[in-house]
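Numbering follows the numbering used here, with no gaps: position 23 of the sequence shown is 281.
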Amino acid sequence: MAFLTSPDIPLLVCGCIAFYAAIRALVERDIPKKLLYLNVFGFAISGSFVLLFPDILTAIAAVAFFVGTTLEGNIIASAIARKRAPKSPGGDEEKP
């Protein structure tokens, strides 16, 4: 009787990655790094969906989840980068 079969190993790897990313996201104080770990967590969860439920609809849902979390992370990161960017000394008005 084997403890791990070969189909279980990829799911175990995704689970370990998700657990590590979740712990790092909780511990991390820098917001852009925290968003990176949350993005990795989302990737691991979407991979786990496909491995747990091998169906075409699950794969489509996982791809939608993957794309959605990536776009969400990029939007939040760009908003934070804009907020942290130094302001120009002349103001924000455009010059002709």
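Cβ coordinates follow ideal geometry from the N, Cα and C atoms, glycine included.
All figures in this text were calculated on a predicted structure; none of them were measured in a lab.
#1: Starting from the C-beta of Ala317, find all residues in its chain whose C-beta is less than 6 Å away, skip the five residues before and the five after it, and write them out in chain order.
#2: For Gly300, count neighbouring C-beta atoms within 10 Å of its own C-beta (all shown protein chains included) and say buried if the count is 16 or more, exposed if not.
#3: Within its chain, find whatever has a CB closer than 7 Å to the CB of Arg282; leave out the 5 residues flanking it on each side and keep chain order.
#4: Suppose the cutoff is 8 Å on Cβ atoms and the five residues either side in sequence are ignored; what does the same chain contact list for Phe324 look like?
#5: DSSP state of Glu286, grouped into three classes?
#6: Once the 5 residues before and after Ile275 are set aside, which same chain residues still bring their CB inside 6 Å of it?
#7: Mind reading off the beta-carbon distance from Leu293 to Gly326? Whole number of angstroms is fine, and I expect it under 8 Å.
#8: Can you check which of these residues, Arg342, Asp313, Arg340 and Ile333, is closest to Asn297 by C-alpha distance?
Answer, in terms of the structure:
#1: Val308
#2: buried
#3: Tyr295
#4: Gly300, Phe301 and Ser304
#5: Reduced to three states, the DSSP call for Glu286 is coil.
#6: Ala302
#7: Not really, about 14 Å apart at Cβ, beyond 8 Å.
#8: Ile333
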